[in-house]
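Trainee:
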Amino acid sequence: KIYFILISFFFISTNLNTEVPYFIDFKYVLNESTAGKKAQNELKKKLDTGIKKIREKEKAIKEEEKKIIQQKKIIKPEEYKKKVQELRTKISNLQKERNNLLEKVSQQRSKARNELLKTLNPIIEKYMEEKNIRMVIEKKSLLLADKKLDITKDIIDLLNKELKSIKLN
4 KIYFILISFF FISTNLNTEV PYFIDFKYVL NESTAGKKAQ NELKKKLDTG
54 IKKIREKEKA IKEEEKKIIQ QKKIIKPEEY KKKVQELRTK ISNLQKERNN
104 LLEKVSQQRS KARNELLKTL NPIIEKYMEE KNIRMVIEKK SLLLADKKLD
154 ITKDIIDLLN KELKSIKLN
């Protein structure tokens with residue numbers, strides 16, 4: 004009976020060690036991988052450039068608004084209404100332009116994320132197979148875990164070798 008208990012305990016403890024799930028921080032991988040950083044920088048540059056152009060147009064519209072207000076008493080009421088309507092149309096178009104910019108950048112960010120994840124899945128599967136890992140969990144789903152079970156850095160290194168950049172267009 005003692006031998007049976009010792010042998011059973013040995014097999015149970017061996018199985019417990021192989022069933023330990025490892026974890027990965029996907030957000031960190033997306034933000035810190037070479038391809039992820041390049042994509043984020045490019046998207047940030049596009050967004051900043053677009054917002055700068057929109058702010059310049061806003062400034063021009065505000066100047067036009069001031070001119071219209073100054074001319075209110077000088078010009079005919081019909082002409083004033085026409086100018087105000089044109090100004091409203093410009094403001095509406097500018098709002099549409101801003102929304103289109105934000106939507107486009109958001110779509111490109113989503114596309115880049117999906118492409119990165121599509122490349123990442125086979126890398127993780129291969130890593131799991133090589134290291135005899137049976138389960139990998141997203142870090143944000145964990146409450147506490149041993150840092151030795153974090154495979155994020157290894158996966159980033161493998162991803163950086165595999166994917167240098169992401170096409171955004």
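Each residue of the sequence shown is one higher than the one before, counting from 4 in my numbering. Heads up, the beta-carbon is just placed ideally off N, CA and C, and yes, glycines get one too. No experiment lies behind these values; they were computed from the predicted model shown.
By the 10 Å Cβ neighbour count, where 16 or more other Cβ atoms means buried, how is Val32 classified, buried or exposed?
Mentor: Val32 comes out buried.
Trainee: Run through the segment 118-143 for me and flag every whole alpha helix (DSSP H) of 4 or more residues, listed as ranges in chain order.
Mentor: Listed in chain order, there is nothing to give.
Trainee: Taking the alpha-carbon of Glu67 as reference, which of Lys121, Leu50, Lys86 has the nearest alpha-carbon?
Mentor: Measuring from the Cα of Glu67, the nearest candidate turns out to be Lys86.
Trainee: So, using beta-carbon positions, are Ile57 and Glu100 closer together than 8 Å?
Mentor: Cβ distance < 8 Å, so Ile57 and Glu100 count as in contact.
Trainee: Give, in chain order, every unbroken run of the beta strand (DSSP E) that is at least 3 residues long and sits entirely within the segment 16-68.
Mentor: Taking only runs of at least 3 residues, the beta strand (DSSP E) segments lying wholly in the segment 16-68 are 25-27.
Trainee: Within 10 Å of its beta-carbon, does Ser36 have 16 or more other beta-carbons around it, so buried, or fewer, so exposed?
Mentor: Buried, since its Cβ has 16 or more Cβ neighbours within 10 Å.
Trainee: List the residues that DSSP assigns as beta-bridge partners of Asp153.
Mentor: Beta-bridge pairing links Asp153 to Phe26.
Trainee: Let me check understanding here. Comparing Cα to Cα, which of Asp51, Thr122, Leu46 lies closest to Ser109?
Mentor: The option with the nearest alpha carbon to Ser109 is Leu46.
Trainee: Do the CB positions of Ile71 and Leu90 come within less than 8 Å of each other?
Mentor: Contact flag set, yes.
Trainee: Can you give me the C-alpha to C-alpha distance between Lys164 and Ala42, rounded to a whole angstrom?
Mentor: So the two alpha carbons sit approximately 16 Å from each other.
Trainee: Any idea if Asp28 is buried or exposed, counting beta-carbon neighbours within 10 angstroms, 16 or more meaning buried?
Mentor: Label assigned to Asp28: buried.
Trainee: Below 8 Å on the Cβ atoms is my guess for Asp153 versus Phe26; work out the distance and round it to an integer in Å.
Mentor: Right, the Cβ-Cβ distance comes to about 6 Å (below 8 Å), so this counts as a contact.
Trainee: Can you tell me whether Ala148 is helix, strand or coil according to DSSP?
Mentor: Residue state, collapsed to three classes: coil.
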